[in-house]
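Written out below as structure tokens is the structure these notes cover.
Protein chains: 2
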Amino acid sequence: MATGRTHRPATRSRGIPEATVARLPLYLRALTALSERSVPTVSSEELAAAAGVNSAKLRKDFSYLGSYGTRGVGYDVEYLVYQISRELGLTQDWPVVIVGIGNLGAALANYGGFASRGFRVAALIDADPAMAGKPVAGIPVQHTDDLEKIIKDNGVSIGVIATPAGAAQQVCERLVAAGVTSILNFAPTVLSVPDGVDVRKVDLSIELQILAFHEQRKAGEEALALAEAEAVVEVSEESGKGPDGDVPAVMPA
Amino acid sequence: MATGRTHRPATRSRGIPEATVARLPLYLRALTALSERSVPTVSSEELAAAAGVNSAKLRKDFSYLGSYGTRGVGYDVEYLVYQISRELGLTQDWPVVIVGIGNLGAALANYGGFASRGFRVAALIDADPAMAGKPVAGIPVQHTDDLEKIIKDNGVSIGVIATPAGAAQQVCERLVAAGVTSILNFAPTVLSVPDGVDVRKVDLSIELQILAFHEQRKAGEEALALAEAEAVVEVSEESGKGPDGDVPAVMPA
DNA sequence: CATTGTGAAGGAGTTCACAGCA
DNA sequence: TGCTGTGAACTCCTTCACAATG
Numbered sequence: 001m002a003t004g005r006t007h008r009p010a011t012r013s014r015g016i017p018e019a020t021v022a023r024l025p026l027y028l029r030a031l032t033a034l035s036e037r038s039v040p041t042v043s044s045e046e047l048a049a050a051a052g053v054n055s056a057k058l059r060k061d062f063s064y065l066g067s068y069g070t071r072g073v074g075y076d077v078e079y080l081v082y083q084i085s086r087e088l089g090l091t092q093d094w095p096v097v098i099v100g101i102g103n104l105g106a107a108l109a110n111y112g113g114f115a116s117r118g119f120r121v122a123a124l125i126d127a128d129p130a131m132a133g134k135p136v137a138g139i140p141v142q143h144t145d146d147l148e149k150i151i152k153d154n155g156v157s158i159g160v161i162a163t164p165a166g167a168a169q170q171v172c173e174r175l176v177a178a179g180v181t182s183i184l185n186f187a188p189t190v191l192s193v194p195d196g197v198d199v200r201k202v203d204l205s206i207e208l209q210i211l212a213f214h215e216q217r218k219a220g221e222e223a224l225a226l227a228e229a230e231a232v233v234e235v236s237e238e239s240g241k242g243p244d245g246d247v248p249a250v251m252p253a
Numbered sequence: 001m002a003t004g005r006t007h008r009p010a011t012r013s014r015g016i017p018e019a020t021v022a023r024l025p026l027y028l029r030a031l032t033a034l035s036e037r038s039v040p041t042v043s044s045e046e047l048a049a050a051a052g053v054n055s056a057k058l059r060k061d062f063s064y065l066g067s068y069g070t071r072g073v074g075y076d077v078e079y080l081v082y083q084i085s086r087e088l089g090l091t092q093d094w095p096v097v098i099v100g101i102g103n104l105g106a107a108l109a110n111y112g113g114f115a116s117r118g119f120r121v122a123a124l125i126d127a128d129p130a131m132a133g134k135p136v137a138g139i140p141v142q143h144t145d146d147l148e149k150i151i152k153d154n155g156v157s158i159g160v161i162a163t164p165a166g167a168a169q170q171v172c173e174r175l176v177a178a179g180v181t182s183i184l185n186f187a188p189t190v191l192s193v194p195d196g197v198d199v200r201k202v203d204l205s206i207e208l209q210i211l212a213f214h215e216q217r218k219a220g221e222e223a224l225a226l227a228e229a230e231a232v233v234e235v236s237e238e239s240g241k242g243p244d245g246d247v248p249a250v251m252p253a
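Printed below as a string of structure tokens:
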């Protein structure tokens, strides 16, 4: 779901599957918790439970990184933390800019987990001149006019867009032009970017809509189960196409 | 990625693939924009471009809903908006509660796109007694003590968790016990829930870590490309196992 | 002998390419 | 003629089940 376009066939890269990459942060979090409790080793079964995945999947995921476990014993927690951190590129420091310091942008700036793992909020940028200079989460907000300079001066390659939908594409283009190659988009828009730029999106309303779909389905199944229990099987199983009996031919607004 | 566990084999349900469900909101958004510009019909090619997917995929997705297009012409915008809305369950109203009114919770409460499509913030809940009664986004915050009553009085089935990680699992359990069956989790924790409850998670730091992985890979490829360009092919292609030459045998903190 | 690491089977999602239809 | 709808091929991911092994 991440980028859509894969980067390139990659000259015999040790291709870690995208699905695996997406789970590594989950494992890392679980491992970090174990590490803080000074647990020395952990089995695939235990770790899988903590991360909310199945153990075969976890073992296969780890097998892409190398053979870091010990048969009969499990995995060394500290060592795995290090290996996964390195694989994810968290042993280096990633300066990040957040563009759009509204409610959400401010919340992101204040988010603690940010700094914890290799990420550092290098700058906050907003288009509102009234915001300029005002500190948010201890960092002074800078004006959009200086975006390019800020990116370059700080060597930023990861940008977070938390602007209104209307501004997102333009901000995105400026970020990319200034050298950003990874974007985390909170604006409800599809961003188009050149090849080689990664975009991930976080979209509240999409998530809610997906939940609503399942919620509705549950209600439907409940009703169905009830009907079946009552053995009142009178469902006319044969509508031309659309799986659905009473739909207006034209929509009612 | 949503729930992990599928709901049940479903008595001959018209199984819309999960991947398709996850794209329907995207199509809906693009269609809504077209609708607002009074565009009457749209081809799979155009709509796919607007939604950022490929047209074959879009056509296959729509084929799961039914045959709503016209060959040689395209899709009727208004009709599709209605069909997708209905499929997603957006023709009804979904009361939602947000638990945890910190920076993020407040940002979510203020988020406009919320109300736009079938969702209504029925209540805001926080554990801090000092917050009680204080209005956020025009809605008075209520105390966690009343959580169960609030859920039941409002017939809430979708809950949003925006608490700190430590509180999330407990809040989740109370929500579920009170009747919530869909949860959108912003806390950086794995929630465990009984069967039949859907959880979707939104996790900033996971997204950033995934971006960092790709970012690091880009840097590596760049270096590789450079090396190749200089034709200095002196890569010793044979390290026992771990795809990596200089790793400390034990991690350095 | 408990637990990893992994071939092989199975399933889900994507893309191709073209038949079918307005 | 132009565009949809879809079987079939393909790629990616997950799960099974067991041989390998510290």
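As they're listed, the protein sequences go chains S and L. Mapped onto UniProt numbering, the consecutive letters of the first sequence carry residue numbers 1 to 253. Mapped onto UniProt numbering, the consecutive letters of the second sequence carry residue numbers 1 to 253. Glycine included, each C-beta is placed from N, C-alpha and C at the ideal position.
Same chain, Cβ closer than 7 Å to residue i, neighbours up to 5 away in sequence not counted
i: S85/S; result: L28, T91
i: T163/L; result: V99, G100, V171, A187
i: A30/S; result: L47, A50, A51
i: T32/S; result: V81
i: F119/S; result: W94, V96
i: R117/S; result: L90
Residue i, buried or exposed, once every other Cβ within 10 Å from all chains shown has been counted against 16
i: A223/L; result: exposed
i: R23/S; result: buried
i: S182/S; result: buried
i: A123/L; result: buried
i: V136/L; result: buried
i: S44/L; result: buried
i: D128/L; result: exposed
i: A225/S; result: exposed
i: T70/S; result: exposed
Contact set for residue i: own chain, Cβ-Cβ below 8 Å, skip 5 residues either direction
i: G52/L; result: L26
i: Q169/L; result: T189, L191, S192
i: Q46/S; result: The amino acid occupying residue 46/S in the given sequence is Glu; Gln does not appear at that position. G74, listed in sequence order.
i: I16/S; result: Y64, L65, E87
i: P194/L; result: V176
i: Y68/S; result: F62, Y75, D76, Y79, L80, Q83
i: K152/L; result: A178, G179
i: V165/S; result: This sequence places Ala at residue 165/S; Val is not what is there. Within the same chain, A165/S has close Cβ partners A187, P188, T189.
i: V39/S; result: V77
i: S35/S; result: V77, E78, V81
i: A167/L; result: G100, A127, A187
Neighbourhood of residue i by C-beta, 6 Å cutoff - its chain only, sequence neighbours within 5 removed
i: G133/S; result: P140
i: D126/S; result: I101, V141
i: G105/L; result: I98, A162
i: V197/S; result: V176, T181
i: F213/S; result: none
Supposed close pair residue i, residue j - CB separation, criterion 8 Å
i: A109/S; j: V121/S; result: 6 Å
i: G89/S; j: E215/L; result: 6 Å
i: L184/L; j: L211/S; result: 6 Å
i: V42/L; j: V77/L; result: 6 Å
i: A107/L; j: A107/S; result: 4 Å
Contact the segment 210-223 of chain S vs the segment 146-159 of chain L: 3+ CB pairs below 8 Å
yes
Could you tell me whether the segment 195-208 of chain S touches the segment 105-114 of chain L, using the rule of 3 or more Cβ pairs below 8 Å?
yes
Is the segment 93-100 of chain L touching the segment 37-53 of chain L in the sense that three or more CB pairs, one from each, lie closer than 8 Å?
no
So does the segment 173-187 of chain S actually touch the segment 142-153 of chain S, counting three or more Cβ pairs closer than 8 Å?
yes
Extract the residue ranges of the beta strand (DSSP E) inside the UniProt domain "CoA-binding" (89-190) of chain S, only unbroken runs of 3 or more that lie entirely within it.
94-99, 119-126, 139-143, 158-161, 182-185
What are the uninterrupted segments assigned as beta strand (DSSP E) that are 3 or more residues long and contained completely in the segment 192-231 of chain L, given in chain order?
198-201
Which parts of the segment 15-98 of chain L are runs of the beta strand (DSSP E), unbroken and 3 residues or longer, counting only runs that do not cross its ends?
74-76
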